[in-house]
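Have a look at the structure below before the remarks.
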Amino acid sequence: MPEDAARTPADGRTPVGILGATGSVGQRMVGLLADHPWFRVAYVTGSERSQGLPYREAARWAQSSPIPPAVAHMEVRATRVTGEAPLVLSALDASVAGPVETAFAQAGVLVVSNARSHRMDPDVPLIVPEVNPDHLGLLEAQSAQPGGIITNPNCSTIGLALTLAPLHRTFGVRRLHVVTLQAVSGAGIPGVSSMEILDNVIPFIAGEEEKLERETRKILGQLSNGEVEPASVQVSAHCNRVPVIDGHLACVSVELEGDPKPEAAAEVMAAFRGRPQGLGLPSAPRRPLHLLPQEDAPQPRLHRDLEGGMAVPVGRIRDCPLLTLRYVLLSHNTLRGAAGGSLLTAELALAEGWVPGRRGTP
Ligand SMILES: NC(=O)c1ccc[n+]([C@@H]2O[C@H](COP(=O)([O-])OP(=O)(O)OC[C@H]3O[C@@H](n4cnc5c(N)ncnc54)[C@H](OP(=O)(O)O)[C@@H]3O)[C@@H](O)[C@H]2O)c1
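When the sequence shown is numbered by this note's numbering, its final residue is 403 and no position is left out of the sequence of numbers.
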């Protein structure tokens with residue numbers, strides 16, 4: 042690792058670089074890191090379009106709160122390896138993320154990425170911190186590089202995996218059918234045009250159904266002997282883009298071992314907690330799953346911001362005439378599904394000693 046990466050900054054917080062800081066997910070990261078107790082933003086990067094500009098001019102800021110002053114005047118850098126921070130959060134477009142993230146890892150930096158590029162690499166952990174924190178152990182298999190790469194799943198997969206985990210542990214999930222209604226912020230900035238999406242639903246999102254199907258199996262899989270054996274869960278997905286700004290809704294029908302009743306499923310979902318809650322990580326929701334009793338919930342506009350957008354509201358748990366149960370879940374795609382999820386993973390990695398040169402939390 043570069044020598045300066047491990048240096049303790051004056052305020053004790055770990056310096057973090059944000060790669061692709063100007064986009065939809067990068068902007069959320071900038072917002073979430075503004076007053077973070079463990080991390081401070083050391084630098085921000087973008088494409089050639091943004092390099093050399095102050096962040097406030099480069100980013101087409103699309104958040105309701107103002108740009109944090111500490112970042113507003115920072116110059117956007119080229120996305121090149123630097124040892125100024127031992128940790129980077131990557132919100133790079135997948136067309137460039139793969140080799141760039143590898144270069145950072147080879148230079149001794151721990152990368153927590155939102156891009157799809159490395160998610161299915163056999164030695165790269167694909168983490169939902171409440172579900173499979175033990176998969177961070179896969180980083181041992183990356184020992185050829187002094188840093189490492191950890192990935193965040195696809196935005197719709199994260200909410201699905203959070204709801205399936207307690208069902209899988211308690212009953213066993215055999216197969217499921219999921220239909221998503223995904224927000225426009227999931228397509229980045231500028232994303233889909235208003236002429237395409239207003240008064241419309243687009244029943245296709247490139248690559249999304251395949252990601253839901255294979256990533257779910259890896260996340261629910263078992264780590265043993267340095268590799269993840271994917272769960273033998275069959276997933277059939279339909280993904281739709283809908284005219285909602287933030288918040289992916291998913292309607293799930295699931296077949297479970299032992300034919301449990303809706304009340305039993307609701308009980309294990311409501312009781313579900315993970316390592317982030319046990320460790321008291323700064324971005325961890327108190328309860329990962331919130332069971333909503335209303336017959337018409339969850340709804341994106343009403344429920345996406347529960348616990349800062351980090352909790353997943355679940356409703357309409359009921360019998361299914363085809364499989365065992367049906368339910369509806371909602372996850373905030375740029376918070377729990379991207380920036381907030383990767384930040385929670387970075388907190389877990391720091392707390393568990395995976396960040397090069399940093400021994401635990403401040
Ligand atoms: N949006 C979501 O809900 C969501 C959820 C989960 C995962 N993801 C993934 O997260 C990543 C970011 O998504 P997004 O929605 O934030 O996309 P976005 O709004 O299109 O932002 C992409 C970012 O990548 C930068 N970039 C593009 N080409 C580059 C290059 N050649 N060199 C360096 N930087 C480059 C852009 O910089 P400039 O602005 O300077 O061009 C921008 O900062 C993607 O891999 C996406 O698949 C997104």
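Here a beta-carbon is modelled for each residue, glycine too, at the ideal position from N, C-alpha and C.
- Between ligand 1 and Arg157, a heavy atom-to-CB distance of less than 7 Å is present.
- Sequence-distant partners of Glu296 (beyond 5 residues in either direction) whose C-beta falls short of 6 Å from its own C-beta, in its chain, are Arg215, Arg216, Leu364 and Thr365.
- Following the DSSP letters along the chain, one finds Pro317 inside the alpha helix (DSSP H) bounded by residues Arg316 to Leu320.
- For Leu370, DSSP records a beta bridge to Ala291 and Val355.
- Proximity of the beta carbon of Arg90 to ligand 1 is indicated: a heavy atom of the ligand is located closer than 7 Å.
- Non-local beta-carbon contacts of Pro166 in its own chain, meaning distances under 6 Å to residues more than five positions away in sequence, involve His176, Leu177, Leu179 and Ile191 in chain order.
- Annotated as distal: Pro301 and Phe245, with beta-carbon spacing of 8 Å or more.
- Ser197: member of the alpha helix (DSSP H) spanning Cys196 to Thr211, first to last residue.
- When rounded, the separation of the alpha-carbon atoms in Gly315 and Leu264 is 17 Å.
- Under the three-state reduction of DSSP output, Ala380 falls in the helix class.
- Under DSSP, the beta-bridge partners assigned to Leu151 are Leu128 and Gly189.
- Around the beta carbon of His289, 16 or more other beta carbons sit within 10 angstroms, so the residue counts as buried.
- The beta-carbon separation of Leu376 and Arg69, rounded to 6 Å, stays under the 8 Å limit for a contact.
- Boundaries for Glu270: no alpha helix (DSSP H) harbours it, while the beta strand (DSSP E) harbouring it runs Glu268 to Glu270, taken from the DSSP string.
- Between Pro56 and Glu125, the C-beta spacing is below 8 Å.
- Proximity of the beta carbon of Leu370 to ligand 1 is not indicated: no heavy atom of the ligand is located closer than 7 Å.
- Just measuring C-alpha positions, the residue of Arg54, Gly53 and Tyr96 sitting nearest Val71 is Tyr96.
- Taking 8 Å as the upper bound for CB-CB distance, Leu201 and Val293 are in contact here, some 7 Å apart.
- Rounded to whole angstroms, the gap between the alpha carbons of Arg327 and Val309 is 16 Å.
- At least one heavy atom of ligand 1 sits closer than 7 Å to the Cβ of Gly67.
- Counting along the chain, the unbroken beta strand (DSSP E) around Ser277 starts and ends at Gln275 to Arg282.
- The straight-line gap separating the alpha-carbon atoms of Ala182 and Glu268 is approximately 8 Å.
- Around the beta-carbon of Asp287, 16 or more other beta-carbon atoms lie within 10 Å, marking it buried.
- The beta carbons of Arg101 and Ala135 sit no closer together than 8 Å.
- Ile260 is positioned such that its CB atom lies no closer than 8 Å to that of Val355.
- Shown here, Gly58 sits in a strand according to DSSP, grouped into three states.
- Ligand 1 has a heavy atom closer than 7 Å to the beta-carbon of Val137.
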